[in-house]
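Below is one structure; the comments refer to it alone.
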Ligand code: ATP
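Residue numbers (our numbering): 83 to 595.
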């Protein structure tokens, strides 16, 4: 059995070998934490975006979309707090010269205590069998109690330091816990410093006096600055939402784990504007809706969990992450935040414009509160890939790699294959393609043996392979081979369209939400 780490490596190389994801500018040895999506990757990514867009806008009469520019007036980022506070605490190890996020080092240490406790509990469960009382064991076993106390104390100290922005204390925690650099194994740490994650560039020529502007680190601000435009022109009534999909840029200190943490990535964000005082109800509503959206894809309900934030941003009054079980553990894929009226009030203050909503039912004006749902397209892509990737042993000692992608997301829906390259079979295959290509992404393949062609399609997750043979010319039937079961059926050409549609159409998925 491959370890999780080996599996993840195989997924990364599979993504490259089959045209899903390439390192950026690879002929120049790549650019750290920047990736390009290939011919199959872009289709999968587009399908994810389409699923999100339809679920948020089509299914909600009161949510509309926008597409704001990446460049924004620099004051935007003063108002939003990003210029002053979009920082990560970084620390260097003097021996390995490696840079780390101080908060991540400490969070990993907390996770180590959790692992120790879990191990003890697992061992005891095995030992005691049916009669095991986990709650009692956790309260009374001296080793577990000791780990738990240490964990809680560390957690509290860490939270305090983060909330107070106390960089010296963060360093002291790292020293006191004896955290070592995984590369050098030493505790030779520098002081902790703040590092702003925004990329900046200049707009205009220097002669005119160039202006320093930022590449947006999130798409949300494009929504806030357009609140009045959309509300007025769309005659939107609170509660209503604005959705957007677009690129965001962060100069991440430690960028690793493939497309999980990149310096250029894509977000799908929705800001939902509500009456003050109703925000926590809406927060709960969006938490549940977003989890349903994830689960409806069928990647496995047990792979999701909520992780409520301990450290709330100063403007937030509730926040949670939807985490997905990646090969490297449960990781954040989406954040859901109750952001109060912070953003709109800040923009009102910095722009000098009145940004309020007149509520005809209450007969009063107010600054709406906001619930945000924010999901990374690339992290979603990665979670789909990780759960779809399978290495299967087949009968007869053969093996295959198959991507069991949800059919609605698969880059190619069906591949049409003439059994041989002669006898009029390619022409018949083209006829079949023409029946399907206007509604589905279809490939044509006449090279190599049928077995090899099946493997190629398995590797990119194509749900159906359609083989045209000599009988097809007489009986107007084809052989359909299913990706996951590898079973084959004889199907009438006239029934193909409906067979494919019934599996790949997004409507059924959306109806489940
Ligand atoms: P993290 O704690 O992992 O850095 P975050 O809490 O800063 O993430 P948010 O600011 O809440 O992330 O951004 C919303 C979503 O955008 C995240 O849930 C994630 O899916 C995505 N995202 C954020 N940063 C990156 C990145 N560097 N690369 C890819 N996706 C990202």
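Backbone N, C-alpha and C fix where the C-beta goes; we use that ideal spot for every residue, glycine too.
Among 325, 524, 153, which residue has its Cα nearest to the Cα of residue 142?
-> Selected option, being the one with the closest Cα: 325.
Backbone secondary structure at residue 100 - three-state DSSP = Shown here, residue 100 sits in coil according to DSSP, grouped into three states, outside any helix or strand.
Cβ atoms of residue 168 and residue 278: under 8 angstroms apart, would you say?
-> Remark: C-beta atoms of residue 278 and residue 168 approach each other more closely than 8 angstroms.
Assign residue 206 to one of three DSSP states: helix, strand, or coil.
-> Residue 206 falls in the helix class under three-state DSSP.
Boundaries (first-last residue) of the beta strand (DSSP E) holding residue 327 = That run of the beta strand (DSSP E) goes 322-331.
Are there 16 or more other CB atoms within 10 angstroms of the CB of residue 224, so buried, or fewer, so exposed?
-> Residue 224 is exposed by the Cβ-count criterion.
Distance between beta carbons of residue 470 and residue 485, contact taken as under 8 angstroms | Rounded to whole angstroms, the Cβ separation of residue 485 and residue 470 is 4 angstroms, and the two are in contact under 8 angstroms.
Would you mind reading off the limits of the alpha helix (DSSP H) that contains residue 458?
-> No alpha helix (DSSP H) contains residue 458, which is instead part of the beta strand (DSSP E) from 451-458.
Using a threshold of 8 angstroms, state whether the C-beta atoms of residue 437 and residue 426 are closer than that.
-> Yes, Cβ-Cβ distance for residue 437 and residue 426 is below 8 angstroms.
Under 8 angstroms Cβ to Cβ from residue 383, same chain only, skipping five residues before and after it: list those, please.
-> Excluding residues within five positions, the ones whose Cβ falls inside 8 angstroms are 377.
Beta-carbon separation (whole angstroms), residue 146 vs residue 316, contact threshold 8 angstroms | Between residue 146 and residue 316 a beta carbon distance of about 6 angstroms is seen, short of the 8 angstroms cut, so the two are scored as contacting.
Quick one: using the 10 Å Cβ neighbour count with 16 as the cut-off for buried, is residue 492 buried or exposed?
-> Under the 10 Å beta carbon count, residue 492 is surrounded by 16 or more other beta carbons and is classified as buried.
Residue(s) in a DSSP beta bridge with residue 550 = Partner(s): 500.
Check residue 401 in the structure and name its three-state DSSP category.
-> DSSP places residue 401 within a strand segment (E or B) once states are collapsed to three.
Of the choices 307, 294, 111, 368, whose alpha-carbon is the least far from that of residue 417?
-> The shortest Cα separation from residue 417 among 307, 294, 111, 368 belongs to 368.
Contact with chain D by residue 151, beta-carbon distance below 8 angstroms | The question asks about chain D, but that chain is absent: this structure has only one protein chain.
Which residues in the same chain as residue 362 place their Cβ atom closer than 7 angstroms to its Cβ, once the five residues preceding and following it in sequence are excluded?
-> Cβ within range, chain order: 400, 420.
Go to residue 224, then tell me how far its alpha helix (DSSP H) extends in each direction, as first and last residue.
-> For residue 224, the enclosing alpha helix (DSSP H) has its first and last residue at 224-245.
Contacts around residue 391, its chain only, beta-carbon distance under 6 angstroms, and the 5 residues preceding and following it disregarded | Cβ neighbours of residue 391 beyond the five flanking positions: 401.
Which residue's Cα is closest to the Cα of residue 178: 194, 268, 111, 247?
-> Of 194, 268, 111, 247, the residue nearest in Cα terms is 268.
Identify which residue in 329, 198, 580, 448 has its Cα closest to the Cα of residue 319.
-> A check of alpha carbon separations from residue 319 across 329, 198, 580, 448 identifies 448 as the nearest.
Got a sec? Which residues, its chain only, sit under 8 angstroms from residue 440 by beta carbon, not counting five neighbours each side?
-> Leaving aside the five residues that flank residue 440 on each side, the residues in its chain whose CB is nearer than 8 angstroms to its CB run, in chain order, 446, 447.
In the DSSP assignment, find the alpha helix (DSSP H) that holds residue 43 and state where it starts and stops.
-> Residue 43 is absent from the structure shown; the chain starts at 83 and stops at 595.
I think residue 187 touches residue 256, with their Cβ atoms under 8 angstroms apart; what is that distance to the nearest whole Å?
-> Yes, they are in contact, since the Cβ atoms of residue 187 and residue 256 sit about 6 angstroms apart, within 8 angstroms.
Kindly indicate the opening and closing residues of the beta strand (DSSP E) around residue 508.
-> Element bounds for residue 508: not the beta strand (DSSP E) but the alpha helix (DSSP H), 507-518.
Span of the alpha helix (DSSP H), counted from its first residue to its last, around residue 446 = Unbroken run through residue 446 is the beta strand (DSSP E), 446-448; no alpha helix (DSSP H).
Going by C-alpha distance, which of 532, 381, 164, 102 is nearest residue 501?
-> Nearest of 532, 381, 164, 102 to residue 501, Cα basis: 532.
C-beta atoms of residue 249 and residue 276 nearer than 8 angstroms = Taking 8 angstroms as the Cβ cut-off, residue 249 and residue 276 qualify as a contacting pair.
Name the two residues that bound the continuous alpha helix (DSSP H) containing residue 158.
-> In the DSSP assignment, residue 158 falls within the unbroken alpha helix (DSSP H) covering 157-161.
Short Cβ contact (8 angstroms threshold) for residue 352 with residue 323 = Cβ atoms of residue 352 and residue 323: closer than 8 angstroms.
Is residue 127 buried or exposed, if buried means 16 or more other CB atoms sit within 10 Å of its CB?
-> Taking all protein chains in view, the Cβ of residue 127 is crowded by 16 or more other Cβ atoms within 10 Å, so the residue is classified as buried.
Using alpha carbons as the reference points, say which of 86, 97, 131 lies closest to residue 467.
-> Nearest neighbour of residue 467 by Cα position, chosen from 86, 97, 131, turns out to be 97.
Buried or exposed: where does residue 355 fall if 16 or more other Cβ atoms within 10 Å of its Cβ makes it buried?
-> Of the other Cβ atoms in all chains shown, 16 or more fall within 10 Å of the Cβ of residue 355; this residue is therefore buried.
Tell me, please, whether the region 334-349 touches the region 159-168 by the rule of three or more beta-carbon pairs shorter than 8 angstroms.
-> Contact between the region 334-349 and the region 159-168 is absent, because fewer than three Cβ pairs lie under 8 angstroms.
What does DSSP give as the partner residues of residue 271 in its beta bridges?
-> Its beta-bridge partners are 175.
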